[in-house]
Every structure is written in C-alpha cells, then in structure tokens.
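Worksheet: one structure, shown below.
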Amino acid sequence: MKRDIARELYRSYRSGYKKKKEIADQERSPNGEPEKISNLINELVQNRQWRQGIAEGNLFSDWAQIVGSDVAEHATPITLFEGKLTIQTSSTAWSTQLRLIQSELLKTIRKSSPGALVDELVIMGPHAPSWK
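The sequence shown begins at 1146 in the numbering used here and counts up one residue at a time.
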C-alpha cells in the first residue's frame, strides 16, 4: 500500500500540528520577549476564577501573621463555609476573650484577606473530654 503524503500533511494540518508555532507566538509580549511566568499565572487564576479559593487558602496558611502569634497560639481556623469562619480555641477563657474582640478580629481578617469573603466568626471552645 502506498503512502499518500499529501493526505498525511493535510491531516496533520487539520489536527493542529501547525498551530503549535501560533501558540508559541501568542505567549510573547508585544516587544518579542517571552511573557513573565507571574503574568501567565495571574491570567490563569483570573480565567479560572480561583481568586477566592486562593485568598481563603492564604487566610489559613498566614493565620499567625494575620491575627498575631499570641492569638494564633491559642486559636485555630477550622473551616470557612458560606462566609462563616469557624475558629477553635485552646480554652474557654480564650473563647471568651476572642468573643470580646470579635468585631476587631473580623475587621483585621477582612483587611488582610479581602478576597476570602468572611462575613461572620464562629468561635468554639475546646472539645470536651469524653467520659464514656
């Protein structure tokens, strides 16, 4: 059986073989320099609408910097669901203390992580021991 080179070239062209060069050209800035990876990542985050998820992840990972080391030592963010950030404390005294400064703490969190969309804080004390 004979090879039909013309058909093979046509199929490769139709399947996008030649488009690789076009894609590479699009990844360059107007002055011909390659795009910065940070620009490409920012574009990816924006196109896939990941900003809120990243902001929420940063809230959990940067907790100690956001609330301070003293508070972070005794209070841990557990969940963030539908705007409610649940925080668990190491003692009932810390629960009471955080409830007293709850509005200030919420302002600090909103200022430090604006994309996280925290509307309310739910402060819980430590788990009670099981006597069973």
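Quick reminder that beta carbons are idealized off the backbone N, C-alpha and C, glycines included.
CB contact flag (residue 1223, residue 1234, <8 angstroms): No, these two residues do not count as a Cβ contact at 8 angstroms.
Collapsed DSSP secondary structure at residue 1246 in the structure displayed: Shown here, residue 1246 sits in coil according to DSSP, grouped into three states, outside any helix or strand.
Inter-stretch contact at 8 angstroms, needing at least 3 Cβ pairs: the region 1209-1218 / the region 1175-1189: Touching, no, given that fewer than three Cβ pairs across the two stretches are closer than 8 angstroms.
8 angstroms Cβ shell around residue 1206 - same chain, five flanking residues per side excluded: If we look at residue 1206 and ignore the five residues flanking it on each side, it has no Cβ neighbours.
Identity of the residue in 1270, 1266, 1238 nearest residue 1249 by Cα: Proximity to residue 1249 across 1270, 1266, 1238 peaks at 1266, based on C-alpha coordinates.
C-alpha distance - residue 1276 paired with residue 1201, whole-angstrom precision: Spanning the two alpha carbons is a distance of roughly 36 angstroms.
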